[in-house]
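Chemist:
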Amino acid sequence: MTTQERADFWQQQITAWLDSGLSGHAFCKSQALVYPSFRT
Numbered sequence: 520m521t522t523q524e525r526a527d528f529w530q531q532q533i534t535a536w537l538d539s540g541l542s543g544h545a546f547c548k549s550q551a552l553v554y555p556s557f558r559t
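Listed below in structure tokens is the structure:
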């Protein structure tokens with residue numbers, strides 16, 4: 520994955536998280552994401 524692809528992926532995840540209304544931890548669990556990676 521290129522740097523740009525990684526940035527795009529995380530931007531999409533952040534947008535989805537904000538739209539979800541879930542806590543960061545709950546969102547990560549629902550999307551099978553690693554919470555510490557999400558926080559950075």
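According to this note's numbering, the sequence shown holds residues 520 to 559 in order. Note that beta-carbon positions come from the ideal geometry of N, C-alpha and C, so glycine has one too. Owing to the predicted nature of the structure, the values given are computational and were not obtained by experimental measurement.
1) Using the rule of at least 16 other Cβ atoms within 10 Å of the residue's Cβ for burial, across every protein chain shown, is Phe546 buried or exposed?
2) Can you give me the Cβ contacts of Trp536 inside the same chain, cut-off strictly under 7 angstroms, excluding the 5 residues immediately before and after it?
3) Between the C-alpha atoms of Ala526 and Gln550, what's the straight-line distance to the nearest angstrom?
4) Counting along the chain, where does the alpha helix (DSSP H) carrying Ser556 start and finish?
5) According to DSSP, is Ala526 part of a helix, a strand, or is it coil?
Modeler: The short version:
1) buried
2) Gly543, Phe546
3) 17 angstroms
4) Looking at the DSSP string, the run of the alpha helix (DSSP H) that includes Ser556 is 554–558.
5) helix
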